[in-house]
Amino acid sequence: MSVWKGCLALKHVLYIHPESNKSGGSDIVVPAGLIGVLNEVKKISNFGAINLPLEKRINSSFNILDDELIRAADIILIDLHWYVFSHTAIELSRQIKAIRDNAVIVLGGITASIFSLEIMNTFSFVDFTIRGDAEKPLLMLIEWIDNPDNFCYIPNLCYRLNDGIHFSEHVYVGRYDKSLNSHDISWMRHSDEFLRYQGRLELSNKNGTLYEKLAWIQNAKGCDFNCSYCGGTCDVFKNFYSYDGMRFKPVTYLISEFEQIHAKGIYKIGITHDLGLQPKKDLHELCNYMIRKNIKFGIANFCFQLPDLEFARIFNKMVNQENSIIGIPIICGDELLRARSGKCYSNKEIELFLESFTNSDVLIVSGKCKSTYSAS
Ligand code: SF4
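Here the sequence shown is numbered in this note's numbering, starting from 970 and rising by one per residue.
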């Protein structure tokens, strides 16, 4: 794949995170896996980004259809990562296409991956869907958008050509790349408000440290479990992303991101994939690094399963306890029902885990994992 030639005009690419059907501001997110991709897109385009629920929170009369970025965009990327965004992502695509019929609309994310063909068959105003990882496909699509004959070479792409809908035969599975900046969201309009809003959501704890910025870090991709209520299961990643299991980011990359975030004056981090599942060797390395550098982050960690007691000990040691939170998916008190949902641990084991936080200021809540932020 070549990069943009100087003689070609850069395309105007606009990323939009849509609103969801849920209320209460829980839709002010960005899929964490997408951040690295968008930082690459930014290098080869005139790039802009709008987080629609955030804009609406700042200005309730905000109308995206009047926005200058919509008027200028050649390519519009909309994430359809989680099913609660389905109606709004599709409706937004329809409204944009009605006023900008020459703009290209691309949907991607877990839900878009699962329903790629259905979306393309049903909604003619969606031009492309990406099924699976998007790093390489998106860059290739931007480069070749005016060359339909090349679409078949773009991996993971579902496209229209000669009145038919086609899937590329090429498959791409993203690899971790140290040069990929997967936490900087300065390209988003109101990015500071976004980071503060994340901090307020996740860590408005008993000490009232409201509005302190929180950056999300993607420490892994995929999942090894098949919880009954989840759209981002092991099987989904196997069938639609060609993953053979959970894929942890190398710990050296993780440490480098912690360093960069700290250097920006951000002291709270949300972890997309339960640190309790992280290889213990990596966790020790991360802990030793934080102690050695005297860096204390507040960390929001939402567990996939119940972590072991060694994790509790390491977590208590390495974090700023007063600004940290652990979410445990308790689901319900009935152990059989809990197991049927995919969470196999007893009430006694939960009790023991909680006891290891008796003398800790870490806030423990009952909460499901945040993996929906995580894959690209
Ligand atoms: S709920 Fe969490 S642990 Fe369960 S399948 Fe989904 S991402 Fe995996």
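Glycine included, C-beta positions come from ideal geometry on N, C-alpha and C.
Jot down the residue ranges of each uninterrupted beta strand (DSSP E) in the stretch 1257 to 1322, minimum 3 residues, whole runs only, in chain order. 1267 to 1271 and 1294 to 1297
Would you tell me roughly how many angstroms separate the C-alpha atoms of His981 and Gln1064, rounded to the nearest one? Mapped onto the sequence shown, residue 981 falls at position 12. Mapped onto the sequence shown, residue 1064 falls at position 95. C-alpha separation (whole angstroms): 19 angstroms.
Out of curiosity, what's the CA-to-CA distance linking Gly1201 and Gly1191? For the purposes of this step, residue 1201 is identified with residue 232 of the sequence shown, where counting begins at 1. For the purposes of this step, residue 1191 is identified with residue 222 of the sequence shown, where counting begins at 1. Their Cα atoms are separated by approximately 7 angstroms.
Three-state class that DSSP yields for Trp1185 in the structure shown: Walking along the sequence shown from the start, residue 1185 turns up at place 216. Three-state DSSP puts Trp1185 in a strand.
Which of helix, strand or coil DSSP assigns to Asp1048: Within the sequence shown, numbered from 1, the residue matching residue 1048 stands at position 79. Looking at Asp1048 - three-state DSSP - the assignment turns out to be strand.
What residues in its chain sit with their C-beta under 7 angstroms from that of Phe955, if we drop five residues either side in the sequence? Given that the chain is displayed from residue 970 to residue 1345, the structure contains no residue 955 and the question cannot be resolved.
Is the Cβ of Ser1014 closer than 8 angstroms to any Cβ of chain C? Included in the structure is just one protein chain, with no chain C present.
Report the CB separation of Ile1230 from Ala1189 in whole angstroms; it is logged as a contact under 8 angstroms. The count along the sequence shown starts at 1 and reaches residue 1230 at position 261. The count along the sequence shown starts at 1 and reaches residue 1189 at position 220. Wrong, their Cβ atoms sit about 17 angstroms apart, outside the cutoff.
Inter-residue Cα distance where the pair is Val1053 and Tyr1166: Residue 1053 sits at position 84 when you count from the first residue of the sequence shown. Residue 1166 sits at position 197 when you count from the first residue of the sequence shown. Taking the straight line from one Cα to the other gives about 20 angstroms.
Should Asn1328 be listed as close to the ligand SF4, given that the test is whether its C-beta is under 7 angstroms from any heavy atom? Residue 1328 sits at position 359 when you count from the first residue of the sequence shown. Checking the Cβ of Asn1328 against the ligand SF4 gives no.
Enumerate, from N- to C-terminal direction, the unbroken alpha helix (DSSP H) stretches of 4 or more residues contained entirely within the stretch 980 to 1063. 1001 to 1012, 1021 to 1027 and 1037 to 1041
Would you say the beta carbon of Thr1241 comes nearer than 7 angstroms to a heavy atom of the ligand SF4? Here residue 1241 refers to the residue found at position 272 when the sequence shown is read from its first residue. Distances taken from the Cβ of Thr1241 to the heavy atoms of the ligand SF4 include none shorter than 7 angstroms.
Under the criterion of a Cβ to heavy atom distance below 7 angstroms, does Gly1336 qualify as lining the ligand SF4? Mapped onto the sequence shown, residue 1336 falls at position 367. Gly1336 Cβ: outside cutoff for every heavy atom of the ligand SF4.
At the level of alpha carbons, what is the spacing between Thr1091 and Ile1019? Your numbering for residue 1091 matches position 122 in the sequence shown. Your numbering for residue 1019 matches position 50 in the sequence shown. Near 26 angstroms, if we compare the C-alpha coordinates of Ile1019 and Thr1091.
Any idea if Phe1094 is buried or exposed, counting beta-carbon neighbours within 10 angstroms, 16 or more meaning buried? Position 125 of the sequence shown holds residue 1094. Label assigned to Phe1094: exposed.
Starting from Cys1203, trace the alpha helix (DSSP H) both ways and give me its first and last residue. Residue numbering aside, residue 1203 sits at position 234 when the sequence shown is read from its first letter. Per DSSP, Cys1203 belongs to the alpha helix (DSSP H) from Cys1203 to Tyr1210.
How many angstroms separate the CA atom of Asn1316 from the CA atom of Val1288? Your numbering for residue 1316 matches position 347 in the sequence shown. Your numbering for residue 1288 matches position 319 in the sequence shown. Distance between the alpha carbons of Asn1316 and Val1288 is about 26 angstroms.
Beta-carbon within less than 6 angstroms of Lys1105's beta-carbon, same chain only, minus the 5 sequence neighbours each way: which residues are those? Counting from 1 along the sequence shown, the entry for residue 1105 is found at position 136. Contacts found: Tyr1141.
For Phe1136, the three-state DSSP class (helix, strand or coil): On the sequence shown, position 167 is the one that residue 1136 refers to. Strand, per DSSP.
How many Å lie between Glu1181 and Gly1168 at the Cα? On the sequence shown, position 212 is the one that residue 1181 refers to. On the sequence shown, position 199 is the one that residue 1168 refers to. Their Cα atoms are separated by approximately 5 angstroms.
Let me know if Ile1154 comes out buried or exposed under the rule of 16 or more other beta-carbons within 10 Å of its beta-carbon. Within the sequence shown, the letter at position 185 stands for residue 1154. Taking all protein chains shown into account, Ile1154 has 16 or more neighbouring C-beta atoms within 10 Å of its C-beta and is therefore buried.
Alpha-carbon spacing of Gly1078 relative to Leu1223, whole angstroms: Position 109 of the sequence shown, counting from 1, holds the residue named residue 1078. Position 254 of the sequence shown, counting from 1, holds the residue named residue 1223. Distance between the alpha carbons of Gly1078 and Leu1223: 23 angstroms.
Kindly examine the ligand SF4 and report whether one of its heavy atoms sits closer than 7 angstroms to the Cβ of Cys1301. As a working mapping, residue 1301 is identified with position 332 in the sequence shown. No, since every heavy atom of the ligand SF4 falls outside the 7 angstroms radius drawn around the Cβ of Cys1301.
Starting from the Cα of Glu1304, find the closest Cα among Ile1319, Ala1232 and Phe1194 and give me that residue. The residue you call residue 1304 lines up with position 335 of the sequence shown. Comparing Cα positions, the closest option is Ile1319.
Starting from Lys1105 and walking both ways along the alpha helix (DSSP H), at which residues does that stretch end? As a working note, residue 1105 is residue 136 in the sequence shown. DSSP places Lys1105 inside the alpha helix (DSSP H), whose first and last residues are Glu1104 to Trp1113.
Would you kindly work out how many angstroms separate the C-alpha atoms of Asp1251 and Leu1149, rounded to a whole number? Indexing the sequence shown from 1 puts residue 1251 at position 282. Indexing the sequence shown from 1 puts residue 1149 at position 180. Taking the straight line from one Cα to the other gives about 20 angstroms.
Residue(s) in a DSSP beta bridge with Arg1216: Walking along the sequence shown from the start, residue 1216 turns up at place 247. Arg1216 pairs with Lys1190.
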